[in-house]
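Asker: Here you go, one structure.
Residue numbers (my numbering), protein chains in the order written: chain A, 1 to 289; chain B, 1001 to 1321.
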């Protein structure tokens, strides 16, 4: 029974990070109707920024999102404004292939600049692990998850309180009506992509605390984002949260039952089953909040 | 204008002059092994293999307009089917492409039934997911597939002259068959049904087209030929493993080539495959460190500046003169 709870805790902690991976992906998919294959490489880029900030400047990776978020927001903003806005109305074949091309460029650039070696942030975690009823709770992961959920909360509030946030929701629900209300759609697209990129990179900082960093990881992250979005349902923060936490728990339970080598298989089988049986996902509904 | 009229426009069925030029090229390609060295034999075999993959993708992605990113699933399945049956000596070498195609045809019908109900983005993700699932199964079913160790194929007695010529002509025959299928479909009633679905699936249903059946046929075609190509590839390279056979780059290259040449046209995919591979060969040779990135740049340039493919440039020119 302890093993069960241990896996549950591990799953939930991992799931918190998965939420952070998936929110930007889900936002971009929902608002721009683009499946952003570049997402994984942006996550890895965030990890590298955190890694170098720690190695050369001694900045804790827990603080890295503070400067990674604005950098990557503007990166995403201008990428959308300059490149993706030109094809945003095209069918999925065009947009998905374009983001794949961009992913090849970014990923290869990182491979060239940072090499394929696995990097690891080795630092003394300021928090010790604690033990609750025989279940070990790794505090670094708890803080990473807490930070991920805090970012999610901030994003939720921004979507609800700010004018830009309401405009994003408006564009998501009815683009043409949003135009009539005076929303500058091209700009909103760019802001949305910027937020997506910022979230991805922030997730990268937090992942860098726990996992080794390598450009090869980007494909894995994109795969996870797919599964989470389909699992939870597209187009809502709630969907991404439920999908992320569910995937975390399912993976760590699956590892317990079937062995670690099957976790990807389980995730993608789940993706196919949900797509076929209930394409709107577990809590899917139209409209981003 | 009624859409049905535009479906019969000359763009979809090549002119007899274009066919004659293409036939001439095919004859030249058939005679080439007499003069080519090993490097160019290998390159040409690769080109023909990718022509098969791009034409295959064109059935579902071009004619029917369903954005498949899962060709690698069936390329890999065909490769494994060929490799497993050949190393167990269940089938003769010459039969392996046909067996690969048959296995993939059946698998495509079974997989297609559920996932072809999805549209747009969801179909794209599902097709991607299929390839991932197949790869993971191949990776973990160690008893059958060798798992991470992969499969070594036994060397085969060459069917035509040397080894290199054998695989050259096997790919040649396969690409000829794939082209023939593309051409026949493009000018048949089935081809019209495919294009109707692309333009408006609900309307296609309304005028009496069995859309489910049509989509499954297209998906099965788009899977059977890569299956045959995979089976030949497995014998050609002599060793396969899951990361190589189910490489996501295969799933992406096929549509990129079709985009490059012209999606939904008869010659476009092959033209795209040739242009892409020639470029890739030049780039890889000179920029070993950054070749994936340069391929990314090619993709971005094609999408932003050549969305209807290079053939459209030629066509514009001939129409103007």
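Yeah, the Cβ is synthetic: ideal placement off N, Cα and C, and Gly gets one too.
Small disclaimer: the values here were computed from a predicted structure and weren't measured.
Distance cutoff 8 Å, beta carbons only. Does residue 18 of chain A sit that close to anything in chain B?
Answerer: No, residue 18 of chain A does not count as interfacial toward chain B.
Asker: Measuring CB to CB, does residue 1075 of chain B end up less than 8 Å from residue 1156 of chain B?
Answerer: Against a cut-off of 8 Å, the Cβ pair of residue 1156 of chain B and residue 1075 of chain B comes out as no contact.
Asker: Quick check on residue 1167 of chain B - is its C-beta less than 8 Å from some C-beta in chain A?
Answerer: So, not an interface residue.
Asker: If you draw a straight line from the alpha carbon of residue 105 of chain A to that of residue 1279 of chain B, how long is it in whole angstroms?
Answerer: In a straight line, the C-alpha of residue 105 of chain A is about 16 Å away from that of residue 1279 of chain B.
Asker: If you check the beta carbons only, do residue 1077 of chain B and residue 1103 of chain B fall under 8 Å apart?
Answerer: Closer than 8 Å, so yes.
Asker: Let me know the secondary structure DSSP gives residue 163 of chain A once reduced to three states.
Answerer: Residue 163 of chain A: helix per DSSP, three-state reduction.
Asker: Roughly how many angstroms lie between the CA atoms of residue 1126 of chain B and residue 1139 of chain B, to the nearest whole one?
Answerer: Distance between the alpha carbons of residue 1126 of chain B and residue 1139 of chain B: 20 Å.
Asker: List the residues of chain A whose Cβ lies closer than 9 Å to the Cβ of residue 1074 of chain B, in chain order.
Answerer: Within 9 Å Cβ-Cβ: nothing; residue 1074 of chain B doesn't reach chain A, min ~16 Å.
Asker: Check residue 1039 of chain B in the structure and name its three-state DSSP category.
Answerer: Residue 1039 of chain B falls in the helix class under three-state DSSP.
Asker: Could you work out which residues of chain A lie near residue 1032 of chain B, taking near to mean beta carbons separated by less than 7 Å?
Answerer: Ordered by position in chain A, no residue passes the 7 Å Cβ test against residue 1032 of chain B, which lies about 31 Å from the chain.
Asker: Name the DSSP beta bridge partners of residue 119 of chain A, please?
Answerer: Bridge partners of residue 119 of chain A: A:213.
Asker: Can you confirm whether residue 1016 of chain B, when its beta carbon is compared against all beta carbons of chain A, has any partner nearer than 8 Å?
Answerer: No - not a single Cβ of chain A is within 8 Å of the one on residue 1016 of chain B.
Asker: Does the Cβ-Cβ distance between residue 1152 of chain B and residue 1233 of chain B come in under 8 Å?
Answerer: No, these two residues do not count as a Cβ contact at 8 Å.
Asker: For residue 1225 of chain B versus residue 1056 of chain B, is the C-beta spacing smaller than 8 Å?
Answerer: In contact: residue 1225 of chain B and residue 1056 of chain B (Cβ atoms closer than 8 Å).
Asker: With distances taken between CB atoms, is the gap from residue 241 of chain A to residue 19 of chain A smaller than 8 Å?
Answerer: Yes, Cβ-Cβ distance for residue 241 of chain A and residue 19 of chain A is below 8 Å.
Asker: Assuming residue 137 of chain A is part of the beta strand (DSSP E), what are its boundary residues?
Answerer: Note, residue 137 of chain A: beta strand (DSSP E), 135-137.
Asker: Can you give the beta carbon distance from residue 32 of chain A to residue 192 of chain A, rounded, assuming they're within the 8 Å contact cut?
Answerer: Residue 32 of chain A to residue 192 of chain A, Cβ: 6 Å. Contact.
Asker: From residue 1117 of chain B to residue 239 of chain A, what distance separates their C-alpha atoms?
Answerer: If I take the Cα positions, the gap works out to 23 Å.
Asker: Specify, as a first and last residue, the run of the beta strand (DSSP E) that residue 131 of chain A falls within.
Answerer: That run of the beta strand (DSSP E) goes 130-132.
Asker: Measuring CB atoms only, is the region 39-48 of chain A touching the region 99-115 of chain A, in the sense that at least three cross pairs come out at less than 8 Å?
Answerer: They touch, by the three-pair rule.
Asker: Return yes when the Cβ of residue 198 of chain A is within less than 8 Å of the Cβ of residue 43 of chain A, no when it is not.
Answerer: No, the pair does not count as a contact, with Cβ atoms beyond the cut-off.
Asker: Given this structure, state the Cα-to-Cα distance separating residue 186 of chain A from residue 96 of chain A, to the nearest angstrom.
Answerer: Looking at the two C-alpha atoms, the distance is approximately 19 Å.
Asker: What did DSSP end up calling residue 1240 of chain B once you bin it into helix, strand or coil?
Answerer: Strand at residue 1240 of chain B.
Asker: Do residue 220 of chain A and residue 1136 of chain B come within 8 Å of each other at the CB atom, strictly closer than that value?
Answerer: No, these two residues do not count as a Cβ contact at 8 Å.
Asker: Do the CB positions of residue 88 of chain A and residue 156 of chain A come within less than 8 Å of each other?
Answerer: Their beta carbons are not under 8 Å apart, which means residue 88 of chain A does not touch residue 156 of chain A by this criterion.
Asker: What would DSSP say about residue 173 of chain A, mapped onto helix, strand or coil?
Answerer: Here residue 173 of chain A sits in helix by DSSP.
Asker: Could you check which residue in A:2, A:142 and A:272 has the C-alpha nearest to that of residue 228 of chain A?
Answerer: Here the closest residue by C-alpha is A:272.
Asker: Please confirm whether residue 100 of chain A and residue 214 of chain A have their CB atoms less than 8 Å apart.
Answerer: Cβ distance not < 8 Å, so residue 100 of chain A and residue 214 of chain A don't count as in contact.
Asker: Between which residues of its own chain and residue 145 of chain A is the CB-CB distance below 7 Å, once the five residues before and five after are set aside?
Answerer: 13, 16 and 17.
Asker: To which residues of the same chain is residue 1236 of chain B closer than 6 Å at the C-beta, ignoring the five residues directly before and after it?
Answerer: Closer than 6 Å at the Cβ level, and outside the excluded window around residue 1236 of chain B, lie 1167.
Asker: As a quick exercise: from A:243, A:212, A:236 and A:59, pick the residue whose alpha carbon is nearest that of residue 226 of chain A.
Answerer: Considering only alpha carbons, the answer is A:243.
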